[in-house]
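Enquirer: According to our numbering, the sequence shown holds residues 2 to 185 in order.
Cβ coordinates follow ideal geometry from the N, Cα and C atoms, glycine included.
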Amino acid sequence: MKPTAELSHEHQAILKMIRVLGTMAGRLESGKAVDPGDLEGAVEFIRVFADRCHHAKEEGLLFPEMEKAGVPRDRGPIGVMLAEHGEGRRNVAAMAGAIPGIRKGDGRAAGVFAAAAKGYGELLTQHIFKEDHILYPMADARLSPAQQDSLEAAFADVERTVVGEGRHEEFHRLLERLERSYPD
Ligand SMILES: [Fe+2]
Ligand SMILES: [Fe+2]
Numbered sequence: 002m003k004p005t006a007e008l009s010h011e012h013q014a015i016l017k018m019i020r021v022l023g024t025m026a027g028r029l030e031s032g033k034a035v036d037p038g039d040l041e042g043a044v045e046f047i048r049v050f051a052d053r054c055h056h057a058k059e060e061g062l063l064f065p066e067m068e069k070a071g072v073p074r075d076r077g078p079i080g081v082m083l084a085e086h087g088e089g090r091r092n093v094a095a096m097a098g099a100i101p102g103i104r105k106g107d108g109r110a111a112g113v114f115a116a117a118a119k120g121y122g123e124l125l126t127q128h129i130f131k132e133d134h135i136l137y138p139m140a141d142a143r144l145s146p147a148q149q150d151s152l153e154a155a156f157a158d159v160e161r162t163v164v165g166e167g168r169h170e171e172f173h174r175l176l177e178r179l180e181r182s183y184p185d
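Structure below.
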């Protein structure tokens with residue numbers, strides 16, 4: 002699979018978990034209980050699948066290849082994407098930090114989680130749109146076939162070393178389970 006096609010495919014899974022988080026946030030905001038184990042599962046998915054795997058492929062591999070192909074990092078789309086990844090990490094840290102309070106029944110922690118989850122969803126939804134429609138087409142046009150081939154191999158390495166064999170499937174099962182428990 003073309004490297005950007007693989008990344009766009011991962012975006013679809015991330016968007017599904019963002020919908021789950023939106024439902025969780027809505028329930029928390031209306032004072033309903035949400036299983037803290039499910040909140041932890043959603044945060045773990047975002048941390049590992051979205052951040053350590055997907056964002057690592059972009060930051061460590063795709064963006065540097067694009068820079069080599071002449072796309073500027075600063076004052077350009079790559080710099081914007083990197084800043085948004087950083088903002089997303091802050092939202093995820095806020096979600097994770099609120100879970101112990103939610104376990105103790107702290108309503109304020111539920112509000113913190115809900116606000117961070119909604120912020121993350123809004124940020125990543127527009128971020129993903131920009132990558133799919135602006136940045137990835139730019140990469141497709143600028144990267145040589147050799148660069149694309151080496152990216153494809155390097156992405157497979159990330160899957161093996163960062164996520165681990167079998168773990169990818171586990172994450173997809175978690176996503177499907179949470180989608181059933183938290184429909185729109
Ligand atoms: Fe990104
Ligand atoms: Fe992305």
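(1) Going by the beta-carbon positions, is the gap between Y121 and G87 smaller than 7 Å?
(2) Taking DSSP as the reference, what is the three-state secondary structure of K119?
(3) Flag E59 as yes when its Cβ comes closer than 6 Å to any non-hydrogen atom of ligand 1, and as no otherwise.
(4) Can you list, in chain order, the residues of its chain with a C-beta nearer than 8 Å to that of I103? Leave out the 5 residues immediately preceding and following it.
(5) In terms of residue numbering, what span does the alpha helix (DSSP H) encompassing T5 cover?
(6) Comparing the CB of M18 with every heavy atom of ligand 1, is any distance shorter than 6 Å?
(7) Going by DSSP in three states, S182 sits in which element: helix, strand or coil?
(8) When we look at the beta-carbon of M2 and count the other beta-carbons within 10 Å, is it buried (16 or more) or exposed?
(9) May I have the straight-line CA-CA distance separating A117 from L125, to the nearest angstrom?
(10) Among the candidates E180, A154, R143, whose CA atom is the shortest distance from the CA of A70?
(11) How many Å lie between L152 and V159 at the Cα?
(12) Would you say the beta carbon of M139 is closer than 6 Å to some non-hydrogen atom of ligand 1?
(13) If you pair each beta-carbon of the segment 128 to 145 with each one of the segment 2 to 13, do three or more pairs fall below 8 Å?
(14) Going by alpha carbons, who is nearest to P146 out of A43, L16, R48, E66?
Expert: For this structure:
(1) For the purposes of this step, residue 121 is identified with residue 120 of the sequence shown, where counting begins at 1. For the purposes of this step, residue 87 is identified with residue 86 of the sequence shown, where counting begins at 1. Against a cut-off of 7 Å, the Cβ pair of G87 and Y121 comes out as no contact.
(2) Along the sequence shown, read from residue 1 onward, the residue named residue 119 stands at position 118. In this structure, K119 counts as helix in the three-state DSSP scheme.
(3) Walking along the sequence shown from the start, residue 59 turns up at place 58. Yes, ligand 1 has a heavy atom inside 6 Å of this Cβ.
(4) Start at 1 with the first residue of the sequence shown, and residue 103 comes out as number 102. If we look at I103 and ignore the five residues flanking it on each side, its Cβ neighbours are L29, V35, P37, L40, A110, A111, F114.
(5) For the purposes of this step, residue 5 is identified with residue 4 of the sequence shown, where counting begins at 1. Note, T5: alpha helix (DSSP H), 4 to 30.
(6) If you number the sequence shown from 1, residue 18 lands on position 17. No, Cβ of M18 sits at least 6 Å from all heavy atoms of ligand 1.
(7) Taking the sequence shown and counting its residues from 1, one reaches residue 182 at position 181. It is helical.
(8) The residue you call residue 2 lines up with position 1 of the sequence shown. Looking at its Cβ environment, which holds fewer than 16 other Cβ atoms inside 10 Å, M2 is exposed.
(9) Counting from 1 along the sequence shown, the entry for residue 117 is found at position 116. Counting from 1 along the sequence shown, the entry for residue 125 is found at position 124. Using only the alpha carbons, I get a separation of about 12 Å.
(10) Along the sequence shown, read from residue 1 onward, the residue named residue 70 stands at position 69. Residue R143 is the option with its Cα nearest to A70.
(11) Taking the first residue of the sequence shown as position 1, residue 152 is located at position 151. Taking the first residue of the sequence shown as position 1, residue 159 is located at position 158. Approximately 10 Å between the Cα atoms of the pair.
(12) Sequence index remark: in the sequence shown, residue 139 carries index 138 (1-based). Checking every heavy atom of ligand 1 against the Cβ of M139, none is found closer than 6 Å.
(13) yes
(14) The residue you call residue 146 lines up with position 145 of the sequence shown. Minimum Cα distance to P146 is reached at E66.
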